[in-house]
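Undergrad: Throughout, this note's numbering is defined as the position within the sequence shown, counted from one, plus 889.
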Amino acid sequence: MDVSTGSSKDEVFYMSESEFWEEIKDKYVQSIADLDPNEVYPSNNPGPTKPDGSINFECHCVGHLVASPCGYEFREAVTCQKSSTEEELEKGACADELLAFMECAIRTQCFKNDVNLSTLTLTAN
């Protein structure tokens, strides 16, 4: 196995395919290899909805919204939306919660992008 330190603080290890398939010699590494994947990765992150139907606010797809200055308003709006029927939503359920979230986002500019949109050029393919 070759080791390259270069000029960085990290070490890069190179191994051949035959070295990769050799038996693991380090006891600690072998103990990790013997673990059940569920022990190594105990927190299965199923996405925005947990298996029981509840909201997974830990999902990377909404985590930034939960942690934003408008996180409370976001959680209120999503919780209302998930607990309402399609008919209730069509009649305006959760409008106040969604509006509160939107007002917070505008007031705090928590989703402001630093890109100057006036300098962007959009082209059609």
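Glycine is no exception: its CB is placed at the ideal position from the N, C-alpha and C atoms. Please read all numbers here as calculations on a predicted model, not as lab measurements.
Once DSSP output is grouped into helix, strand and coil, what is the label at residue 913?
TA: Translated into the one-based positions of the sequence shown, residue 913 becomes position 24. In the structure shown, residue 913 sits in coil (DSSP, three-state: anything other than H, G, I, E or B).
Undergrad: If I measure Cβ to Cβ from residue 955 and keep anything under 7 Å in the same chain, skipping five residues before and after, which residues do I get?
TA: Residue numbering aside, residue 955 sits at position 66 when the sequence shown is read from its first letter. Same-chain partners within the cutoff: 946, 963 and 964.
Undergrad: Quick one: what's residue 938 bridged to in DSSP?
TA: As a position in the sequence shown, residue 938 is number 49, starting the count at 1. 944.
Undergrad: Rounded to whole angstroms, what's the CA-CA distance from residue 921 to residue 928? Just pull it up for me.
TA: Your numbering for residue 921 matches position 32 in the sequence shown. Your numbering for residue 928 matches position 39 in the sequence shown. For residue 921 and residue 928, the distance between alpha carbons rounds to 10 Å.
Undergrad: Please classify residue 956: does DSSP put it in a helix, a strand, or coil?
TA: Here residue 956 refers to the residue found at position 67 of the sequence shown. Coil.
Undergrad: Within a Cβ cutoff of 7 Å, which residues of the same chain sit near residue 987, ignoring the five residues on either side of it in sequence?
TA: Position 98 of the sequence shown, counting from 1, holds the residue named residue 987. So the list reads 966, once near-sequence residues are dropped.
Undergrad: In three-state DSSP terms, what is residue 854?
TA: Beyond the ends of the chain as shown, which are 890 and 1014, falls residue 854; an answer cannot be given.
Undergrad: Considering residue 988, what are the terminal residues of the alpha helix (DSSP H) in which it resides?
TA: Along the sequence shown, one-based indexing puts residue 988 at 99. Run containing residue 988: 984-997, per the alpha helix (DSSP H) assignment.
Undergrad: Exposed or buried, which one is residue 1018 when buried takes at least 16 other CB atoms within 10 Å?
TA: Outside the displayed span of the chain (890 to 1014) sits residue 1018, for which this structure offers no information.
Undergrad: Going by beta carbon distance, what residues of the same chain come within less than 7 Å of residue 983, once the five residues before and after it are set aside?
TA: One-based indexing of the sequence shown puts residue 983 at position 94. Answer for residue 983: 966, 969, 970 and 973, listed in chain order.
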